[in-house]
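**Q** The structure's right below; bear with me while I get my questions together.
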Amino acid sequence: MLPTEWEKKLVDMNVRRLEDNDLLWADYVFISAMSIQNESVKTVLNRCRAIGVKVVAGGPLFTQDREEFSDVDYLVLDEAEITLPLFLDDLQEGRPDHIYTSDKWADVTTTPVPFWDLINMKHYASMNIQYSRGCPFDCEFCNITSLYGRVPRTKSSDQVITELEELYTHGWRGGVFFVDDNFIGNKIKLKTDILPAIIQWMKKRHYPFSIITEASINLADDEDLMRMMVQAQFDTVFVGIESPNEESLHECSKIPNKNRDLIASVRKIQSFGMEVQAGFIVGFDKDPVSIFERMIGFIQESRIATAMVGLLNAPRGTKLYMRLLGENRLVKSVTGDNTDFSMNFIPKMSYEALISGYKKIIETIYSPKYYYARVKQFMRDYQPAQKKIFHARWSHLKAGMKSVFILGLIGKERFYYWRLFFWSLFRRPRLFPLAITLSIYGYHFRKVFEQHFRMIERKDTPDLSHL
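Numbering-wise, our numbering comes out as the position in the sequence shown, counting from 1, plus 996.
This is the structure in structure tokens:
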């Protein structure tokens, strides 16, 4: 969306360092970020000030917490399809304003194809496509509706196919992530237009991609939709389960999850050939003291290998934020990371009990005994789409070799690793790459949380100053 005549350089700090030479090279530094990157953003802003380069900032973090970044040179907020052209016009005229905002929703049918030439695709496990913005549900803790609205806005099938084709012509083969916050927000359009177009394109191109997305649990209610998604090479879907406690679901207005057999719904999606990854939250006012054991039991019984559990936080702009503000329970957010033991409000359960229970969940579900049992149970019944083709890359081979050394020879999980290794190799050879991938995921999750645990244990007691 930037002028074609501009010289551009993109630094993704997930894959490489931001060097001073990058900043010295630039006339303007554009920064986009989400709340979890808050601390990193502040470091980058300080470096830009020290060098004297002007900063243009946008994206969810700056849009929702603009007051914290009032000293940024230019804030281009809300949706860039609307506000970025206004900034560029004013910049061309030599009179840019400090802040650009809009209360309108962008027409995503005007959104251009990403300029993929700016990145090195070898650094990535998947490429991203955004098909829709907005979600028809309005969960109390979620800021998606305040950022993008409740009526899903969608691209056309021509746009989606053009973006897939662009990735294909750039040589990409492998995972594609449809990053929509709720891919099935408009089921009718998916079934009559988008999915048929993807299915046809995949067949024409001999199935070069496997696709992952995010969806609400009511996906399990539509067998035709699930069947079509699998035909279109969707093999993984992330679902917000949040809690096995019905009262907590009512509290946070998690409408599609209420009064539902959640485990049966997860199993049904899995039975159609899609791995279910899921998000869970503890810290709701209605959470009983038994929530920690119940969540462990739910995760194990549902066979969700990738279970992401976090502490409840209240992002600015959410209904939860406004409720807690009225109850005088808000405190300053620490990091924006819901997995590092920080909270931005005073919970009903004691903080000590909540943290102790949260640690127990994590230590249990990602312990080798529990994790590998869950993976094996999932893989025993998992039947992926027959058309799926595994595109081996050198990075996959290196990762597999490293897993043999780190997990199979020196890791504390080596007994479980080799059992899964040989079981999948001889009993489910088609799923062998997935078995190694999930083994690496489990190791990664354990290491991440061990770092957090050590951070807390370096203190005599958890830092409760913000509560």
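Ideal Cβ placement from N, Cα and C applies to all residues, glycine included.
If you pair each beta-carbon of the segment 1223 to 1241 with each one of the segment 1413 to 1422, do three or more pairs fall below 8 Å?
**A** As far as the Cβ criterion goes, the segment 1223 to 1241 does not touch the segment 1413 to 1422, which means the pair count is below three.
**Q** Any chance the segment 1342 to 1351 sits against the segment 1165 to 1178, with 3 or more Cβ pairs inside 8 Å?
**A** Taking 8 Å as the limit for Cβ pairs, the verdict is that the segment 1165 to 1178 does not touch the segment 1342 to 1351.
**Q** Among all the DSSP beta bridges, which residues are the ones paired with methionine 1123?
**A** The partner list for methionine 1123 (beta bridge, DSSP) reads Val1172.
**Q** So asparagine 1034 and leucine 1057 are supposed to be a Cβ contact under 8 Å. How far apart are they, rounded?
**A** Their Cβ separation, rounded to whole angstroms, is 6 Å, which keeps asparagine 1034 and leucine 1057 in contact under 8 Å.
**Q** When the distance is taken between beta carbons, is glycine 1438 closer than 8 Å to tyrosine 1367?
**A** Going by C-beta atoms, tyrosine 1367 is nearer than 8 Å to glycine 1438.
**Q** Given this structure, state the Cα-to-Cα distance separating isoleucine 1115 from glycine 1293, to the nearest angstrom.
**A** So the alpha carbons of these two residues sit roughly 42 Å apart.
**Q** Does the count of Cβ pairs from the segment 1251 to 1270 and the segment 1210 to 1222 closer than 8 Å reach three?
**A** Counting Cβ pairs under 8 Å, three or more are found: they touch.
**Q** For glutamate 1075, count the other beta carbons within 10 Å of its own beta carbon; 16 or more makes it buried, fewer makes it exposed. Which is it?
**A** Looking at its Cβ environment, which holds 16 or more other Cβ atoms inside 10 Å, glutamate 1075 is buried.
**Q** Using DSSP bridges, identify the partner residues of alanine 1211.
**A** Partner(s): Val1235.
**Q** Whose C-alpha, out of Trp1021, Asp1023, Ala1022, Lys1038, is nearest the C-alpha of phenylalanine 1029?
**A** Correcting the residue type first, residue 1029 is alanine in the shown sequence and not phenylalanine. The shortest Cα separation from alanine 1029 among Trp1021, Asp1023, Ala1022, Lys1038 belongs to Lys1038.
**Q** Thinking just about the alpha-carbon of each residue, which of Trp1021, Asn1010, Glu1015, Leu1014 is nearest to the one in tryptophan 1002?
**A** Taking only the C-alpha atoms, the option nearest tryptophan 1002 is Trp1021.
**Q** Taking all protein chains shown into account, decide if arginine 1442 is buried (16 or more other Cβ within 10 angstroms of its Cβ) or exposed.
**A** By the 10 Å Cβ count, arginine 1442 comes out buried.
**Q** Would you mind sorting proline 1311 into buried or exposed? The rule is 16 or more other CB atoms within 10 Å of its CB.
**A** By the neighbour-count rule (16 or more Cβ atoms within 10 Å), proline 1311 is buried.
**Q** Excluding sequence positions up to five away, which residues of its chain have a Cβ less than 6 Å from the Cβ of isoleucine 1194?
**A** Once the five neighbours on either side are set aside, the close Cβ partners of isoleucine 1194 are Ala1228.
**Q** Ends of the beta strand (DSSP E) at serine 1028?
**A** Run containing serine 1028: 1024 to 1028, per the beta strand (DSSP E) assignment.
**Q** Using DSSP's beta-bridge definition, name the partner residues of glycine 1167.
**A** The partner list for glycine 1167 (beta bridge, DSSP) is empty, contrary to what the question assumes.
**Q** Count the other C-beta atoms from every protein chain shown that fall within 10 angstroms of the C-beta of methionine 1397, then say buried if there are 16 or more, exposed otherwise.
**A** The residue is exposed, with fewer than 16 neighbouring Cβ atoms inside 10 Å.
**Q** Are three or more beta carbon pairs between the segment 1003 to 1022 and the segment 1114 to 1132 nearer than 8 Å?
**A** Touching, per the Cβ criterion.
**Q** Does DSSP classify histidine 1462 as helix, strand or coil?
**A** Summary for histidine 1462: the model assigns pLDDT 42, below 50, so the residue's position carries little reliability; its value from the coordinates is reported in the next sentence. Coil.
**Q** Which complete alpha helix (DSSP H) runs does the segment 1274 to 1313 hold, if anything under 4 residues is left out?
**A** 1287 to 1298, all fully within the segment 1274 to 1313.
**Q** Could you tell me whether the segment 1179 to 1193 touches the segment 1204 to 1212, where touching means 3 or more Cβ pairs closer than 8 Å?
**A** Yes, the segment 1179 to 1193 is in contact with the segment 1204 to 1212.
**Q** Take the Cβ of arginine 1450 as the centre, count every other Cβ of all protein chains shown within 10 Å, and call the residue buried at 16 or more, exposed below.
**A** Counting Cβ neighbours within 10 Å, arginine 1450 comes out exposed, since fewer than 16 surround it.
**Q** Go through its chain and collect everything with a Cβ distance to leucine 998's Cβ below 6 Å, but skip five positions before and after it.
**A** Within the same chain, leucine 998 has no close Cβ partners at all.
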